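Asks: Here the protein sequences come in this chain order: A and B. Anchor point for the first sequence: position 41 equals 40 in numbering that gives the first Met the number 0, and the numbering is continuous, going up by one each time. Anchor point for the second sequence: position 14 equals 13 in numbering that gives the first Met the number 0, and the numbering is continuous, going up by one each time. Yeah, the Cβ is synthetic: ideal placement off N, Cα and C, and Gly gets one too. Note that the structure is predicted; figures quoted are calculated from it, not measured.
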Amino acid sequence: MKSFTADEIFRILETVADPEIPVLSILDLGIVRAVNLNGEIPEIVVTPTYSGCPATDAINTDIRLKMMEYGLPKIKITTRLSPAWTTDWMSQAGKKKLEDYGIAPPKPANREITCPRCKSPHVTCISHFGSTACKSLYQCLDCKEPFDYFKCH
Amino acid sequence: MNAHLDYVLHLADTTLVLAQRNSEWCGHGPILEQDIAITNISLDLLGQARNYYQHAASLINTANPNAQADEDSLAYLRDEREFKNPLLVELEKGDWAKTTLRQFLFSVFQDLQLKRLLHSTDTQIAAIAEKSLKETAYHIAWSSEWVIRLGDGTPESHSRMVTALNEVWEFTGGLFVPAPYELQLAGTIAADVSQLEKPWTETVSNVLEEATLSLPGKTFMQQSGKTGIHTEAMGYILAEMQSLKRSLPTATW
Ligand SMILES: [Zn+2]
Chain A
0 MKSFTADEIF
10 RILETVADPE
20 IPVLSILDLG
30 IVRAVNLNGE
40 IPEIVVTPTY
50 SGCPATDAIN
60 TDIRLKMMEY
70 GLPKIKITTR
80 LSPAWTTDWM
90 SQAGKKKLED
100 YGIAPPKPAN
110 REITCPRCKS
120 PHVTCISHFG
130 STACKSLYQC
140 LDCKEPFDYF
150 KCH
Chain B
0 MNAHLDYVLH
10 LADTTLVLAQ
20 RNSEWCGHGP
30 ILEQDIAITN
40 ISLDLLGQAR
50 NYYQHAASLI
60 NTANPNAQAD
70 EDSLAYLRDE
80 REFKNPLLVE
90 LEKGDWAKTT
100 LRQFLFSVFQ
110 DLQLKRLLHS
120 TDTQIAAIAE
130 KSLKETAYHI
140 AWSSEWVIRL
150 GDGTPESHSR
160 MVTALNEVWE
170 FTGGLFVPAP
180 YELQLAGTIA
190 ADVSQLEKPW
200 TETVSNVLEE
210 ATLSLPGKTF
220 MQQSGKTGIH
230 TEAMGYILAE
240 MQSLKRSLPT
250 ATW
């Protein structure tokens with residue numbers, strides 16, 4: 000069996016998309032914490048975004064399928080809960096992709112949330128809980144469009 | 000069974016039963032956004048429960064390699080007397096006032112408990128607590144807004160909140176009475192819940208005051224759930240949750 004370097008494995012992981020926000024790869028999301036090649040088979044360490052995130056199982060399956068596709072059928076996926084995932088781990092490129100996709104990227108508490116369409120800062124929170132656990136529902140008061148905001152976590 | 004396993008199951012059962020209760024709103028919430036909110040909270044709690052059950056299963060399987068315990072067998076194949084959740088979480092969902100008030104009273108307690116569990120000597124419990132705390136902050140924000148909105152709302156919504164408070168209150172005291180397994184582990188693996196009543200009462204009375212509701216006076220407190228003695232509501236919720244797994248044991252999702 001062909002052996003892979005950690006870099007090569009990361010490049011494959013770059014092609015695994017978040018099933019709920021397909022413009023983001025799991026690397027953009029920041030949930031892949033390490034690739035270890037010290038054991039018998041490669042180990043990929045993943046930190047889930049939310050405890051109840053239904054995408055977690057799907058992501059693990061997608062990682063396995065993608066690795067198989069590239070000729071690496073035997074891998075170990077380890078779930079690591081601590082330190083807990085935070086939106087700070089999301090890449091800058093990922094935040095840009097989110098905004099282009101129409102989802103306002105996570106902002107620290109002291110920075111204002113802006114409308115991903117018209118960039119207006121005049122927005123209002125409709126509900127803290129949006130279409131998935133990681134998003135809140137907002138509305139732009141200028142262009143009037145509702146939009147998702149990726150919660151700071 | 001040892002105290003450590005009992006404690007992990009207690010944390011698991013508590014989050015699972017409340018997740019199941021809240022999920023009864025799925026498709027029945029007062030408006031779409033709130034239907035989504037309550038089911039998201041339910042999903043958070045279910046995820047926390049899965050983490051605890053997986054941990055409990057690994058404790059069982061490490062002690063006895065032939066045990067083959069897993070999260071599903073622990074959630075679906077244990078009987079009422081084996082469930083260690085406090086009574087508060089099993090009460091029927093009632094109306095929107097009762098659901099949001101119960102969530103608020105529980106989330107404030109859970110937040111205090113999890114903050115102490117960050118220092119649990121069981122590092123897996125500490126890791127689950129760290130993850131769950133971020134979620135609980137949203138649950139408190141959401142549920143306290145509803146308690147205030149309904150309590151300080153119309154005469155109808157206010158009276159619904161008063162009724163809910165009277166129904167639920169006697170089940171809050173049990174949260175702060177440690178079960179024998181908690182007492183044995185308090186300060187090491189477990190949080191000492193007897194210390195949480197004071198800060199809990201402070202936060203709760205501030206929100207109730209803003210909601211123009213008065214803190215109920217001293218009353219008899221029910222406190223048996225954590226030792227496996229439950230209200231009549233418990234059998235029904237387990238029947239609904241477990242019947243599929245029990246009648247079709249090999250079913251998969
Ligand atoms: Zn706009």
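(1) Using a strict less-than 6 Å threshold between each residue's beta carbon and the heavy atoms of ligand 3, what residues do you get?
(2) Grouping DSSP H, G and I as helix and E and B as strand, with all else coil, what is L80(A)?
(3) According to DSSP, is K253(B) helix, strand or coil?
(4) List the endpoints of the continuous alpha helix (DSSP H) containing Q163(A).
(5) With a cut-off of 7 Å, does the C-beta of V140(A) fall near any C-beta of chain B?
(6) Out of S135(A), L136(A), C151(A), P115(A), which one is the CA nearest neighbour of C142(A)?
(7) Taking contact to mean at least 3 C-beta pairs separated by less than 8 Å, is the stretch 116-126 of chain B in contact with the stretch 211-226 of chain B?
(8) Of all Cβ atoms in chain B, is any one closer than 7 Å to the Cβ of A57(A)?
(9) Quick one: what does DSSP say H219(B) is sitting in, helix, strand or coil?
(10) For the stretch 144-151 of chain A against the stretch 35-53 of chain B, are there 3 or more C-beta pairs whose distance is under 8 Å?
(11) Which two residues bound the contiguous alpha helix (DSSP H) that contains N59(A)?
(12) Can you look up N205(B) in the DSSP assignment and give me helix, strand or coil?
(13) To the nearest angstrom, how far is the alpha carbon of I125(A) from that of W141(B)?
(14) Under 7 Å between the Cβ atoms of Y52(B) and Y180(B)?
(15) Kindly indicate which three-state DSSP category K225(B) falls into: helix, strand or coil?
(16) Taking the straight line between their C-alpha atoms, what separation do you get for C139(A) and P104(A)?
(17) Among residues of its own chain, excluding the 5 on either side of T14(A), which ones have a beta-carbon nearer than 8 Å to its beta-carbon?
(18) Any C-beta of chain B sitting closer than 7 Å to the C-beta of L80(A)?
(19) Per DSSP, T123(A) forms a beta bridge with which residues?
(20) Kindly indicate which three-state DSSP category K150(A) falls into: helix, strand or coil?
(21) Can you list the residues of chain A that N254(B) reaches, using a CB-CB cut of under 7 Å?
(22) Does the beta-carbon distance from E42(A) to T78(A) come in below 7 Å?
(23) How about I127(B) and N1(B): are their beta carbons less than 7 Å apart?
(24) Once you ignore the five residues that flank G93(A) on each side, which residues in its own chain have a CB closer than 7 Å to its CB?
(25) Based on Cα-Cα distance, which residue from E81(B), L45(B), A68(B) lies nearest to G224(B)?
(26) I need the straight-line Cα distance from L12(A) to R32(A), nearest angstrom please.
(27) Pull up the distance between the alpha-carbon of A11(B) and that of A74(B), whole angstroms please.
(28) Using only the alpha-carbon positions, how far apart do N35(A) and T171(B) sit?
(29) Verify whether the separation of the beta carbon atoms of I58(A) and T46(A) is less than 7 Å.
(30) Ordered along the chain, which non-local residues of its own chain (more than five positions away) have a Cβ less than 8 Å from that of S106(B)?
(31) So Y49(A) contacts chain B; which residues on that side make the cut at Cβ distance below 7 Å?
(32) Using 7 Å as the threshold, is the C-beta distance between P120(A) and T113(A) below it?
(33) Judging by CA-CA distance, which residue of I74(A), P82(A), R10(A) is the nearest neighbour of H152(A)?
(34) When the distance is taken between beta carbons, is G173(B) closer than 7 Å to Q222(B)?
Replies: Quick answer:
(1) Among the ligands in the structure shown, ligand 3 does not appear; only ligand 1 can be found there.
(2) If DSSP states are grouped into helix, strand and coil, L80(A) belongs with coil.
(3) Past the boundaries of the shown model lies residue 253(B); chain B is included only from 0 to 252, so the question cannot be answered.
(4) Lying outside 0 to 152, the shown extent of chain A, residue 163(A) is not represented and no answer is given.
(5) The identity of residue 140(A) in the sequence shown is Leu, whereas the question assumes Val. Chain B contact via Cβ: absent.
(6) That would be P115(A), whose Cα lies nearest to the Cα of C142(A).
(7) Segments in contact, no.
(8) no
(9) It should be noted that the sequence gives Phe, not His, for residue 219(B). Correct three-state label for F219(B): coil.
(10) no
(11) 54-68
(12) N205(B) sits in a helix when the DSSP states are folded into three classes.
(13) 12 Å
(14) no
(15) helix
(16) 15 Å
(17) S24, K65
(18) yes
(19) Q138(A)
(20) coil
(21) There is no way to answer for residue 254(B), as the model of chain B reaches only from 0 to 252.
(22) By the CB criterion at 7 Å, E42(A) and T78(A) fall outside the cutoff.
(23) no
(24) Here the set comprises L23, D27, L28.
(25) E81(B)
(26) 12 Å
(27) 9 Å
(28) Spanning the alpha carbons of N35(A) and T171(B) requires a straight line of approximately 47 Å.
(29) No, these two residues do not count as a Cβ contact at 7 Å.
(30) T135, H138, I139, S142
(31) D43, G46, E134
(32) yes
(33) P82(A)
(34) yes
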